[in-house]
Amino acid sequence: MKEQVRILLQAKPVLPGSLEEHYNVCGKAQCRCKDKVNPEKHGPYYRLSYSLKGKNSSVFVKKEDAPAIEAMTENYRESRSNIQHLALAMVELFRHEGLQGMLDKYEEILDMEISRKNGTRPASRTLRETRSSCDKWKTKALERQSEIDKMQVKIRDLEKSRDKWKEKTMEAKEENQELKKLSLLKAVEGKKNTGDSR
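With the working numbering applied, the sequence shown covers 1080 to 1277.
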């Protein structure tokens, strides 16, 4: 199938039919073309005869154009043969892979051949690589988002823990101040008591 697509893309000029060589007799009475012993007809003259859409026709061809016309009729025959081979290959693909599988394969081969001809990378390959890159990026983005979510949970937990310890520290400070006050009161009362007992 690749070979048929490659031939299609080469797109040589084509002409249907075949080139015919003719020799004619003219209307002059004494011409060599009417010699009774050894007649020499005029020519060769060339004519392209073809049949398209059920109609037969012909075109006269200049002698100097005959080789090029002959080559184009050969291109036409090769092109028709190539189209038939391509059609058979596509029928087989359709049988085994269905319509979408057949079209995908044809598009892939066509894309590769166009790229090879132009010396570029196939668009389908670039698209595949872009999709793959996009998928990788999405996967990494999801992983990073998951890490960010975990960090936010840790930060939230640390903030709760910090607030809890802050609260305990404030309570401890207040208790400590209360204890200091009590201790001072006791010390003052103790001095009073020792001063009274004297």
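Note that beta-carbon positions come from the ideal geometry of N, C-alpha and C, so glycine has one too.
This one's a predicted model, so the numbers in the text were calculated from it and none came from an experiment.
Three or more pairs of CB atoms, one per stretch, sit closer than 8 Å, so the segment 1111 to 1131 contacts the segment 1090 to 1097.
For L1127, the enclosing beta strand (DSSP E) has its first and last residue at H1121 to L1131. Counting of Cβ neighbours within 10 angstroms places V1138 among the exposed residues, the total staying below 16. The alpha-carbon separation between P1146 and R1126 amounts to approximately 12 Å. Between N1103 and K1115, the C-beta gap is not smaller than 8 Å, which leaves the two residues out of contact. Taking a C-beta distance under 8 Å as the contact criterion, N1161 and K1091 do not qualify as a contact pair.
In the three-state DSSP reduction, V1170 falls in the helix class (H, G or I).
Looking at the DSSP output, L1264 shares a beta bridge with no other residue. Setting aside the 5 residues that flank it on each side, V1170 has no residue in the same chain whose C-beta is closer than 8 Å to its C-beta. Under the three-state reduction of DSSP output, K1115 falls in the coil class, being neither helix nor strand. Non-local beta-carbon contacts of C1105 in its own chain, meaning distances under 7 Å to residues more than five positions away in sequence, involve C1112 and H1121 in chain order.
Within the model, the alpha-carbon separation for L1206 versus N1197 is close to 18 Å. Under the three-state reduction of DSSP output, V1232 falls in the helix class. Cα atoms of K1142 and C1110: separation of roughly 22 Å, rounded to the nearest angstrom. The C-alpha of W1244 is placed about 36 Å away from the C-alpha of G1269. DSSP, reduced to helix, strand and coil, places L1094 outside both helices and strands of the structure shown, so it counts as coil. Per DSSP, the continuous beta strand (DSSP E) segment holding V1140 begins and ends at K1134 to V1140. Between the C-alpha atoms of V1267 and K1260 there is a straight-line separation of about 10 Å. Rounded to the nearest angstrom, the Cβ distance from K1184 to L1172 is 6 Å, consistent with a contact under 8 Å.
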